[in-house]
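First residue of the sequence shown: 208, per the numbering used here; consecutive thereafter.
By construction, the Cβ of each residue, glycine as well, lies at the ideal position given by its N, Cα and C atoms.
As the structure is a computational prediction, the values presented were derived from the model and not from experiment.
The block underneath contains the structure these notes are about, expressed in structure tokens.
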Amino acid sequence: DVDFVFSATELNSLKFYDSLAIDKNSSHVKLAVDTVKDMGYNGNILMEDGDAFKATQYIPDTTPPDLNSFDLDLDSGLMTLQFSETVDANTFDQGSVKLHSMAAKQYSQVYDMIGPSLVAGTLSASNNLYLTLGSADLASLKDKGIGTERNTTWLSMTAGGVKDKSGLNVNAVLESGIIGGQSMRVSQLVLDQTSPGLSKFRIDRTAKKIHMFFTEPVTVQDLSLIKLSRWWTRAPHSTAPPSPSVSVTTAGPSTPRAEAGRGPASAVHDATSKLRNLCDTARSAARIRKWIATLRRSSAETPPSCDPARPP
């Protein structure tokens, strides 16, 4: 008798095929010429396809799979689960996997998968599952502070979250704090390296708020860097006038006063000019009303229109 022992890689490659070596009827062996030799150095003859031997005994796999490690790339959104053997991707339950910011899940922020896309490993890596996390999943992770470093990236998994090719449930990865439990820390972590961007914003003048929407969760570092502008950004070397910017900080009220030595005509001109500026930037309705009153007292000239749909 001769026993051939499969390596882990060879055994996983064998399990990769759904209809090979799953019972006696799907297990046949054939030998090429001179695969073995007797004491007289006589090699065996070639076995053709029709001469292959069917297994006389078949012992099924009875060892459940384990999750050995996991990697997380927060820049590309790829999460890799590496198991002890080939698993059936069709049996994966995304709700069985939890990521948390501390080893003890009950004391930490917990991430539940929203809608990742799943890809099974290839023949050479059939014991891997690859999860691509979408924008909602990545936003949830980052919002909870998971993945800032290895010590804030832990995993737990319930038993049966995936099955091997023999239908055996994966063993659980119990979180720390449970008797016999030990959360799994990420093996390879790639930090987020993509800069956030402003995707849209809206102004609520009733509530006196500006709502800004970014491509990912952010924290405000400096409010003074946020500006409102009347104009779209223009190309370099544009001949258009410079865009006036207004800080989000509300300006205080001011009182118009005429300069010494200047007549009513100058006062009217100044009031008209200032009114147009205020219309352009729309800083304060109260200040506009003050300049309109000045015009009415000083001249019969009709004040310029402040129609927001038409620049004055």
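Query - Neighbour-count burial assignment, A366, 16 or more Cβ in a 10 Å radius - result: As a first step, residue 366 is located in the sequence shown; it is residue number 159 there, counting from the start. Exposed is the call here.
Query raised in the report: On the premise that K305 lies in contact with Y314, defined as a C-beta separation below 8 Å, what is that separation, rounded to the nearest angstrom?
Result: Walking along the sequence shown from the start, residue 314 turns up at place 107. Walking along the sequence shown from the start, residue 305 turns up at place 98. About 13 Å; that fails the 8 Å criterion.
Query raised in the report: Considering only residues of the same chain and omitting the five flanking positions on each side of G352, which have a CB-CB separation below 7 Å?
Result: By 1-based counting over the sequence shown, the position of residue 352 is 145. For G352, where only same-chain residues beyond five positions count, the Cβ hits under 7 Å are S308, Q316, T359.
Report task. Can you give me the Cβ contacts of K231 inside the same chain, cut-off strictly under 7 Å, excluding the 5 residues immediately before and after it? Result -> On the sequence shown, position 24 is the one that residue 231 refers to. So the qualifying residues of the chain are K261, A262, Y265.
Query raised in the report: Any idea if N334 is buried or exposed, counting beta-carbon neighbours within 10 angstroms, 16 or more meaning buried?
Result: For this step, residue 334 is matched to residue 127 along the sequence shown. With 16 or more Cβ atoms within 10 Å of its Cβ, N334 is classed as buried.
Query raised in the report: With a CB to CB cut of under 7 Å and the five nearest residues on each side skipped, what residues in its chain are close to N275?
Result: On the sequence shown, residue 275 is found 68 positions in, with the first residue counted as 1. Contacts found: Q289, F290, S291.
Query raised in the report: What is the residue span of the alpha helix (DSSP H) that N378 lies within?
Result: Here the question's residue 378 lines up with position 171 in the sequence shown. Unbroken run through N378: none, as it is neither H nor E.
Query raised in the report: Between V369 and the rest of its own chain, which residues show a CB-CB distance below 6 Å, the 5 nearest in sequence each way excluded?
Result: Here residue 369 is taken as the residue at index 162 of the sequence shown, counted from 1. For V369, where only same-chain residues beyond five positions count, the Cβ hits under 6 Å are V294, T298, F299, V377.
Query raised in the report: Residues in its own chain within less than 7 Å of A239 by CB, not counting five upstream and five downstream?
Result: Here the question's residue 239 lines up with position 32 in the sequence shown. Cβ neighbours of A239 beyond the five flanking positions: L253.
Query raised in the report: Apart from the five residues just before and just after K349, which ones in its own chain have a Cβ nearer than 8 Å to its Cβ?
Result: Numbered from its first residue, the sequence shown carries residue 349 at position 142. Same-chain partners within the cutoff: L281, D399, E423, P424.
**Report entry** Status (buried if at least 16 other CB within 10 Å, exposed otherwise) for P451
**Finding:** By one-based count along the sequence shown, residue 451 stands at place 244. Note on P451: pLDDT 39, under 50, position unreliable in the model; no value is reported.
Query - Per-residue DSSP class, three states only, for Q313 - result: Start at 1 with the first residue of the sequence shown, and residue 313 comes out as number 106. Three-state result, Q313: helix.
Query raised in the report: So what does DSSP say about S276, is it helix, strand or coil?
Result: On the sequence shown, residue 276 is found 69 positions in, with the first residue counted as 1. Reduced to three states, the DSSP call for S276 is strand.
Query raised in the report: Using the C-alpha atoms, what's the distance from K434 back to F420?
Result: Working through the sequence shown from its first residue, we reach residue 420 at position 213. Working through the sequence shown from its first residue, we reach residue 434 at position 227. Looking at the two C-alpha atoms, the distance is approximately 15 Å.
**Report entry** As assigned by DSSP and simplified to three states, the class of N335
**Finding:** Locating residue 335 in the sequence shown gives position 128, counting from the first residue. Here N335 sits in strand by DSSP.
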